[in-house]
Amino acid sequence: MLRILGLALCSLLTCTQAEPGALLRLGMDIMNQVQSAMDESHILEKMAAEAGKKQPGMKPIKGITNLKVKDVQLPVITLNFVPGVGIFQCVSTGMTITGKSFMGGNMEIIVTLNITATNRLLRDEETGLPVFKSEGCEIILVNVKTNLPSNMLPKVVNKFLDSTLHKVLPGLMCPAIDAVLGYVNRKWTNLSDPMPVGQMGTVKYVLTSTPATTASYIQVDFSPVVQQQKGKTIKLAGAGEAFAFPEGYAEGSSQLLLSATLLSSELALLQKSFHVNIQSTMIGELPPQTTETLAGFIPEMAVAYPKSKPLMTQIRINKPPKITMKTGKSLLHLHGTLEMFVARRRGKTTTSLFRLEVHFNLKVQYSVHENRLQMTASLDRLLSLSRKSSSIGSFNEKELTGFITDYLEEAYIPAVNDVLQVGLPLPDFLAMNYNLAELDIVENALLLDLKLE
Numbered sequence: 000m001l002r003i004l005g006l007a008l009c010s011l012l013t014c015t016q017a018e019p020g021a022l023l024r025l026g027m028d029i030m031n032q033v034q035s036a037m038d039e040s041h042i043l044e045k046m047a048a049e050a051g052k053k054q055p056g057m058k059p060i061k062g063i064t065n066l067k068v069k070d071v072q073l074p075v076i077t078l079n080f081v082p083g084v085g086i087f088q089c090v091s092t093g094m095t096i097t098g099k100s101f102m103g104g105n106m107e108i109i110v111t112l113n114i115t116a117t118n119r120l121l122r123d124e125e126t127g128l129p130v131f132k133s134e135g136c137e138i139i140l141v142n143v144k145t146n147l148p149s150n151m152l153p154k155v156v157n158k159f160l161d162s163t164l165h166k167v168l169p170g171l172m173c174p175a176i177d178a179v180l181g182y183v184n185r186k187w188t189n190l191s192d193p194m195p196v197g198q199m200g201t202v203k204y205v206l207t208s209t210p211a212t213t214a215s216y217i218q219v220d221f222s223p224v225v226q227q228q229k230g231k232t233i234k235l236a237g238a239g240e241a242f243a244f245p246e247g248y249a250e251g252s253s254q255l256l257l258s259a260t261l262l263s264s265e266l267a268l269l270q271k272s273f274h275v276n277i278q279s280t281m282i283g284e285l286p287p288q289t290t291e292t293l294a295g296f297i298p299e300m301a302v303a304y305p306k307s308k309p310l311m312t313q314i315r316i317n318k319p320p321k322i323t324m325k326t327g328k329s330l331l332h333l334h335g336t337l338e339m340f341v342a343r344r345r346g347k348t349t350t351s352l353f354r355l356e357v358h359f360n361l362k363v364q365y366s367v368h369e370n371r372l373q374m375t376a377s378l379d380r381l382l383s384l385s386r387k388s389s390s391i392g393s394f395n396e397k398e399l400t401g402f403i404t405d406y407l408e409e410a411y412i413p414a415v416n417d418v419l420q421v422g423l424p425l426p427d428f429l430a431m432n433y434n435l436a437e438l439d440i441v442e443n444a445l446l447l448d449l450k451l452e
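Just so you know, we're using numbering that gives the first Met the number 0 here: the sequence shown kicks off at 0 and counts up by one.
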C-alpha cells in the first residue's frame, strides 16, 4: 500500500515539475569574471584601509601597535570546478604590514600569500537565484620578509611573525572572499525579473533546479515563464521535445541553448500582432491590387465586377505561431485565413469576395542586437490553400497559388518583420554581453556560443 502511495506521489511530483526551456552552460571563460569582480570592487584595498581602524570587540595584537596595511598587490585568481559543489578559488597576492614593534621601532612585514576557499553554488530559497557561498577559507603564507634586527634570535622573530600574521591575515583576507562573492551574486539579481516582449507580455527565466557543477562547467536549467500582459501564462507547447548541447565546443567555453518550444511560446505573445489589414493598391513589384487583376486568375470576377475596383486584404493568424528547428534551418509555421474584400468609399460596408485558409512557412534568421534576440523572416513556401467561403461562386483556389505566394512575400512578410523587431529577451546574468555571441541552429534549439571579446 505504501509503495502504491509512493508511486502515486512520485507521479504527481513529476507531472508538476517544469521542464527546461533553456539551458545555460558556464565555462571557466565566463566564471573567470571573478577576477574582474575583485578588481572592480577594489575589495582588497578597502580591507587594507579598514585594517588600521579599531574594530568593536577586536583585541589588540600583542607586540605591535599602529597596525597598517599598504602596497596591496594586484591579486591573481585561479579557479577550478569542483563537481557537485561549485568552484575552488585561490587568490595569490601580497602586501606590506607596518606598525610599531615590541622593541619600539618601526616594523615592516612584507608578505606573499595565497587565500583559498571553496565557493559552494546553491539556489537561494527566497529568491530562487543562484548564489555562491564560501566555505573553508584558509591563509597560506608563501614568503615573509621583515626589517626586524638580524641579531634577534630567529626563534623569537619567527614566533612573533607567526603569531602576528595568523591574527591579522584571516580577519583581513577571508572577508574579502565573501565580499567578492557578494559582488558576483548581485550580478545574478535581475535574472528572474520579468522582461517585456513588446507590449504584449513578459518572459521570466526561472531556475528549474539547483545549478549542477561538473569538472568542466556549471549548467543552469531554466523553466521560463511566458506571460501575457493580462496575466495569463502561456504553456510551453510541445514541451518534451529533446534538445541538448551539441559536441565539439572548446572545453571551458560557455553556451546558451534556447529551445524551439520556448521561442514558439514567446511568439505566441505576438500572435494578434501578426493580424494585418492591407489596403494599398500598389505594393512592391505586385500588379495593382484590383478586381481586374484577380479576374486574370478567377474569370468569375470579370462577370461580378466588370468595372475594376480596389481590393482590401485581411490576414488573421488563428493558431499560435510555431518554431521548428533542424540543424542549420529554422522555420516559423503560420496557420490562418486570408480574406479579400472589395474596398468601398469611407462609410460604406466592404464586400467579402472570398476567404481562404492558408498554411505557410517562413525561414528565420537569428541575430543579437542590444542584448535581445532578433528574428528576420522570409517566405519559405505556401504549404496549403483551401477555400472556406466565396461570394462570387465556386472557383479553383489552386489557380491563386502563385498570386497568393507573391502577395505574402511582398505585402505580408514585411509586416511580420516589423512585428519581430521588438526582439526576444535573453537571460540577464553576470552582466553578459550577448552581442558578441556566435549563433547556430541545432536540433530543436538555437545555440548562442558566448564570447567575452
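Cβ atoms here follow ideal geometry from the backbone N, Cα and C, with glycine treated the same way.
Please read these numbers as outputs of a predicted model, since none were measured by experiment.
| Query | Result |
| --- | --- |
| Boundaries (first-last residue) of the alpha helix (DSSP H) holding residue 291 | 290–294 |
| Through-space distance from residue 137 to residue 116, alpha-carbon basis | 7 Å |
| Contact set for residue 250: own chain, Cβ-Cβ below 8 Å, skip 5 residues either direction | 26, 215 |
| Where the beta strand (DSSP E) through residue 114 begins and ends | 105–122 |
| Unbroken alpha helix (DSSP H) run spanning residue 416, endpoints | 412–419 |
| Inter-residue Cα distance where the pair is residue 438 and residue 139 | 44 Å |
| Which of helix, strand or coil DSSP assigns to residue 351 | strand |
| Anticipated Cβ contact below 8 Å, residue 326 with residue 442, distance rounded | 6 Å |
| Given 8 Å, three or more beta-carbon pairs between the stretch 303–317 and the stretch 271–284 | yes |
| Extent of the continuous beta strand (DSSP E) run through residue 303 | Segment 299–303 is the alpha helix (DSSP H) holding residue 303; no beta strand (DSSP E) there. |
| Euclidean distance between Cα positions of residue 91 and residue 265 | 46 Å |
| Residues near residue 303 in its chain [Cβ-Cβ closer than 6 Å; skip 5 each side] | 391 |
| Three-way DSSP call (helix, strand, coil) for residue 92 in this model | strand |
| Whether residue 127 touches residue 212 by CB criterion (9 Å) | no |
| CA nearest to the CA of residue 368, picked from 432, 394, 361 | 432 |
| First and last residue of the uninterrupted alpha helix (DSSP H) at residue 401 | 400–406 |
| Reduced DSSP category for residue 273 - H, G, I as helix; E, B as strand; rest coil | helix |
| Euclidean distance between Cα positions of residue 95 and residue 144 | 9 Å |
| Bridge partners - residue 241, DSSP secondary structure assignment | DSSP output for residue 241 lists no bridge partner at all. |
| Cut-off 8 Å between Cβ atoms - residues of its own chain near residue 397, not counting five sequence neighbours on either side | 384 |
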